[in-house]
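Working notes, structure below.
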Amino acid sequence: MISNKTNHQFVFIFFILSCTYWYLSLFSSCDLPTDPGSLPKTLIETEYQPKLNVFGVLRADDVKGSSFIHVQKTLSTEEMYEGGEIFDTTAVVRISDLETGTDFRFEMIEDTTHRGYYYNAEFMPECEHRYTLEVRSDILPTLTAETTVPVKPEIVPQSLTVTGSELRFRLRTTIDTGQYNCVLFSGEAYVEKQIVNENDGDVPVAFDLADMNAAPTRLVIIGLDHNLTEYRNSTPLFIPQTYHEMVISVENGFGCFGSLAVTEIAL
């Protein structure tokens with residue numbers, strides 16, 4: 002005959018073992034910061050081919066010459082350790098407006114603090130226009146890319162209000178814009194809200210003015226095309242032995258070419 006004390010001990014041990022099993026099962030199903038995450042299903046061996054690597058942004062912000070194309074070259078490990086030049090300062094960079102057929106040549110400025118940056122002082126992209134990028138180099142393959150400048154951001158008329166410690170408005174969204182960055186300034190200080198977009202329509206936006214030390218002075222709304230949205234929201238962390246898929250929005254090279262539209266409202 003089993004005593005009540007023995008029976009209670011058995012139940013207690015069974016409870017501890019059950020809890021331990023449940024905890025280990027739950028723990029093993031979670032992703033740890035050191036886990037490798039999603040891995041490629043196959044290992045693909047490819048021969049290294051030098052190519053161009055660019056980051057270009059067309060800015061529809063009513064400011065001439067604010068758009069830029071930054072051009073670099075890929076380097077092998079040996080070239081990197083030997084101090085190889087990564088910036089391409091002799092490339093031929095051309096932007097074409099497919100709506101008007103106009104070509105724009107971008108030139109590199111002679112400034113060592115901006116090596117590899119190409120500008121056109123008179124260029125002002127138009128919203129809703131489609132542009133192509135072509136970058137030619139002496140020995141590297143020609144890189145091409147395309148972007149459509151988003152619709153200029155707008156707020157719904159009469160929707161901007163300031164009541165108490167809150168500023169509110171309704172933002173019109175268009176499907177060609179992947180993300181909106183709404184920035185509220187008070188002097189040099191600012192607070193920012195990011196809105197990921199997938200549809201045409203409008204969404205409410207609210208700022209808590211208690212976060213600011215003074216009255217707001219201006220509101221800036223930036224609409225990013227889908228290329229820049231994907232690039233900005235790609236995984237920024239570097240964790241050893243983890244796999245991250247490369248984000249590329251260009252052909253025959255590496256990098257990102259995108260566009261944005263800006264609206265500024267004085268308050």
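Convert by adding 1 to the 1-based position in the sequence shown; the result is the number in this note's numbering.
Ideal placement from N, C-alpha and C gives every residue a C-beta, glycine not left out.
Between the C-alpha atoms of E100 and S250 there is a straight-line separation of about 21 Å. Only residues of its own chain outside the window of five on either side were considered, and among them L76 have a CB closer than 6 Å to the CB of G85, listed in chain order. Taking the Cβ atoms as the reference, L261 lies roughly 22 Å from P217, outside the contact range of under 8 Å.
Annotated as distal: R137 and T148, with beta-carbon spacing of 9 Å or more. Following the DSSP letters along the chain, one finds N198 in no beta strand (DSSP E), marked with neither H nor E.
In the structure shown, N228 falls within a helical segment according to DSSP collapsed to helix, strand and coil.
Annotation: the continuous beta strand (DSSP E) that includes E265 extends over 255-267. In the DSSP assignment, E79 falls within the alpha helix (DSSP H) that extends over 78-82. According to DSSP, L144 shares a beta bridge with V136. In the DSSP assignment, R219 forms a beta bridge with F186, A267. Residue pairing by DSSP places L99 opposite no residue, since no beta bridge is assigned to it. In the DSSP assignment, L210 falls outside any beta strand (DSSP E), carrying neither H nor E.
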